[in-house]
Structure formats: structure tokens, C-alpha cells
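Below is one structure, written out as C-alpha cells; comments come after it.
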Amino acid sequence: MLRVLVCTAPECADERLSLARFTAREIENFTPLAKARVRPVPCASFPGFFHTVRRVGSAGMER
């Protein structure tokens, strides 16, 4: 079974950040729509990885 290591840095505990971590290469491959909705935030626990946070004003699927 694949186990994902949990971020331990307090900066990563911000509830606005995604739980997922992405590499810079994965973020480059985001669709234009995804890039417009989120911005990458460096992960303090795992250098070279990023969380994402919604950009201000992007409502997403909310109604």
C-alpha cells in the first residue's frame, strides 16, 4: 500500500492549502483553467514540492 508522508511544518497546516503536493513539473502541466484558479505555495516540509491555494476571486464550482 502506498503511504503518503504528512507535512509537519506549521505553514502547511493552513486550511486554505491543498493537502496534495505537486512538483514544479506537475504544476507546469496544469491546464490554463487550473492555473487561473490556483497558485503554487512552496511546501515547508518537503523542499521542491508545492501545495496549491485558490486565487482570490476564483469561485470554482460554488454556487
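Using the numbering used here, you'd call the opening residue of the sequence shown number 15 and step up by one each time.
Glycine included, every Cβ here is placed at the ideal spot set by N, Cα and C.
Supposed close pair ARG30, VAL67 - CB separation, criterion 8 Å: By 1-based counting over the sequence shown, the position of residue 30 is 16. By 1-based counting over the sequence shown, the position of residue 67 is 53. Right, the Cβ-Cβ distance comes to about 5 Å (below 8 Å), so this counts as a contact.
Own chain partners of PRO56 with C-beta closer than 7 Å, once the 5 adjacent residues on each side are dropped: Here residue 56 corresponds to residue number 42 of the sequence shown, with the count starting at 1. Here the set comprises PHE64.
Proximity winner among ILE41, GLY62 and PHE60, relative to ARG51 (alpha-carbon distances): Here residue 51 corresponds to residue number 37 of the sequence shown, with the count starting at 1. When each option's Cα is compared against that of ARG51, the closest is ILE41.
DSSP three-state assignment for PRO24, whether helix, strand or coil: In the sequence shown, counting from the first residue as 1, residue 24 sits at position 10. PRO24: helix per DSSP, three-state reduction.
Per-residue burial, ARG39 [other beta carbons within 10 Å of its own, 16 or more giving buried]: For the purposes of this step, residue 39 is taken as residue 25 along the sequence shown, with counting starting at 1. Classification of ARG39: exposed, given that the 10 Å Cβ count is below 16.
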